[in-house]
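Position 289, counted from 1, in the sequence shown is what my numbering calls 832; the numbers after and before it change by one each time, with no gaps. Each residue gets a CB set at the ideal place from its N, CA and C atoms; glycine is no exception.
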Amino acid sequence: MRYLVTGAAGFIGSHLAEALGAAGHDVVGLDSFTDYYDVELKQENARGLDVRRVDLAEDPLDFAGFDGVFHLAGQPGARSFGDVFPLYLRRNVLATQRVFEAAAAAGARVAFSSSSSIYGDAESYPTPEDIVPAPLSPYGVTKLDCEHLARAYATSFDLDVVVLRYFTVYGPRQRPDMFFTRVADALARGGTFEIYGSGEQSRSFTYVADAVGATIAALERGPSGATYNVGGGDEATMLEAIALLERVSGRKLDVRHVEAAAGDVRRTKADVTRIERDLGWSPSTPLEEGLRAQWEWAAARVAAR
Ligand SMILES: NC(=O)c1ccc[n+]([C@@H]2O[C@H](COP(=O)([O-])OP(=O)(O)OC[C@H]3O[C@@H](n4cnc5c(N)ncnc54)[C@H](O)[C@@H]3O)[C@@H](O)[C@H]2O)c1
């Protein structure tokens, strides 16, 4: 198959593009290499991949000849109030509308990477897909906008699209603004670590290879219009996760509590019944094993600098 991966220089997109290539597919990546975090990291992620520099929010898009589009490009991060909001609109809503337009025109199937952030502080845990979404961050609002656009394009232009809601993905190459990368970096370098709020917030942490497996299964076999939670089996609080990383690394972290961040939810816990039933997917990497892989990657990077 011939696949496009948007956001292929990013954390999850680069793993996905590699996995598709390893499975024998012809893969073209698109990425605008935004400066949300160090562009050198993205160049490293993209090494060995065919990633073309395209801004999905403004460059011409022609998806003819592709069997499927994995749309992962976007502006992530829940800290999305204030002056940065126009970036979220442009890189999530506008870019996604243009991807859907081009995919519908080319008759290419799309797997769209949405987020558990669309749930906000959910009505129930584990959270099933059909609960009323109530995002608490502008980021979550823009991802939900994209889901509505998917439905609109499916209804009016026969867009063949499947939506994946990722729950806190981690592993090697995790973005520098994300929790485990910040913890691993602090452990590797020494010094203090600032945690937002009490540290009792918990997440359904999802190992990146598991998220990639779910995404490929959804594009290959998911019924048109389906929405799936993609969540790890292990739920842990931030403090429990720090303790695990301390154990894995054999080091101790000096933790300081700072004010809770606006837009942070108390808890995420994925109900993965639907994706298990439809696609036979369930998360298979235990948190400690995934954290070991992430720690080894992070420690090697710090040592190399
Ligand atoms: N990492 C997670 O835990 C998580 C959780 C839920 C959802 N997601 C979603 O998964 C996707 C991938 O996340 P990630 O953590 O790998 O993020 P990432 O920032 O590492 O990757 C996103 C990539 O998209 C590119 N991009 C942004 N705007 C673009 C544009 N206009 N044109 C072309 N490329 C553009 C960026 O340069 C970046 O390389 C995102 O859509 C994100 O919202 C991630």
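ask   = In three-state terms, what does DSSP make of HIS568?
value = coil
ask   = Does the region 596-606 come close enough to the region 647-664 that 3 or more CB-CB pairs lie under 8 angstroms?
value = A contact exists between the region 647-664 and the region 596-606.
ask   = VAL791 and GLU831 look like a contact to me (Cβ under 8 angstroms); what is the Cβ gap, rounded to whole Å?
value = 7 angstroms
request  = Compute every distance between the C-beta of ILE818 and the non-hydrogen atoms of ligand 1, then say whether any falls below 7 angstroms.
outcome  = No, the beta carbon of ILE818 sits no closer than 7 angstroms to any heavy atom of ligand 1.
Three-way DSSP call (helix, strand, coil) for VAL548 in this model = strand
task = Answer yes or no: the CB of ILE555 versus the heavy atoms of ligand 1, is any distance below 7 angstroms?
result = yes
key: Beta-carbon proximity of ALA600 to PHE643, cut-off 8 angstroms   = For ALA600 and PHE643, no; Cβs fall outside 8 angstroms.
request  = My understanding is that ASN635 touches GLY617, with C-beta atoms under 8 angstroms, so please give their C-beta distance in whole angstroms.
outcome  = 5 angstroms
Terminal residues of the alpha helix (DSSP H) in which GLU839 lies = Start and end: 830-847.
query = Beta carbon of PHE710, beta carbon of GLY774: below 8 angstroms?
reply = yes
Ligand 1 heavy atom lying under 7 angstroms from the CB of TYR579 = yes
ask   = Tell me which same chain residues have a C-beta within less than 7 angstroms of the C-beta of ALA560, skipping the five on either side of it?
value = Within its own chain, the residues whose Cβ lies closer than 7 angstroms to the Cβ of ALA560, once the five positions on either side in sequence are excluded, are VAL548, ALA551, VAL570, GLY572, LEU592, listed in chain order.
key: Rounded C-alpha distance that separates ASP701 from VAL798   = 51 angstroms
ask   = What is the DSSP secondary structure of ALA616, reduced to helix, strand or coil?
value = coil
request  = May I ask you to check if the CB of LYS686 is nearer than 7 angstroms to at least one heavy atom of ligand 1?
outcome  = yes
ask   = Between the region 740-759 and the region 680-691, are three or more C-beta pairs nearer than 8 angstroms?
value = no
key: Runs of beta strand (DSSP E) lying entirely within the region 573-600, each at least 3 residues, in chain order   = Segments of the beta strand (DSSP E) lying fully in the region 573-600: 594-596.
message = Starting from ILE759, trace the alpha helix (DSSP H) in both directions and tell me its first and last residue.
response = 751-764
inquiry  = Taking 7 angstroms as the cut-off, is the beta-carbon of GLY683 closer than that to any non-hydrogen atom of ligand 1?
reply    = The answer is no for GLY683.
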